[in-house]
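K.L.:
I have a structure I would like to understand better, so I am pasting it below and will then ask my questions one at a time.
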Amino acid sequence: MVIRSQWDNNRGIIEIIDNGAGMSDTDLSRTRESGIGLRNVDERLRVIYGENYHLQLESVLGKGTCARITIPELIVEQRATA
């Protein structure tokens with residue numbers, strides 16, 4: 039398993055890649071629709087970033103699977119305390 043992250047054009051890209059058995063298109067669709075873990079991650083990203091993120095799952099049967107999360111750069115204002 040490889041976990042990789044990078045910044046590209048003010049967007050963070052996080053990839054989780056494995057070289058396992060991969061999934062067929064049918065299994066991949068089923069996982070996207072009913073996967074509890076993916077749904078949990080998707081809901082948490084939506085709470086933090088609104089609609090300004092992307093969660094992508096790709097898989098090649100016999101080669102492995104890649105989950106990719108793309109998020110915007112967050113700019114946090116620092117307020118001076120007196």
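Okay, so the sequence shown: first residue is 39 according to this note's numbering, each after it adds one. Where a beta carbon is used, it is the ideal one built from N, C-alpha and C, also for glycine.
Answer with buried or exposed for Thr-64, where buried requires no fewer than 16 other C-beta atoms within 10 angstroms of its C-beta.
P.N.:
In the sequence shown, residue 64 corresponds to position 26, counting from 1. So Thr-64 ends up on the exposed side.
K.L.:
Excluding five sequence neighbours on each side, which residues of the same chain lie with their C-beta closer than 8 Å to the C-beta of Tyr-91?
P.N.:
Within the sequence shown, the letter at position 53 stands for residue 91. Cβ neighbours of Tyr-91 beyond the five flanking positions: Leu-83, Arg-84, Ile-107, Thr-108, Ile-109, Pro-110.
K.L.:
Out of Trp-45, Ser-67, Glu-71, Ser-62, state which residue places its alpha-carbon closest to the alpha-carbon of Leu-99.
P.N.:
On the sequence shown, position 61 is the one that residue 99 refers to. Answer by Cα proximity: Ser-62.
K.L.:
What did DSSP end up calling Ser-97 once you bin it into helix, strand or coil?
P.N.:
For the purposes of this step, residue 97 is identified with residue 59 of the sequence shown, where counting begins at 1. Strand, per DSSP.
K.L.:
What three-state label does DSSP hand Ser-62 in the structure shown?
P.N.:
Here residue 62 is taken as the residue at index 24 of the sequence shown, counted from 1. Coil, per DSSP.
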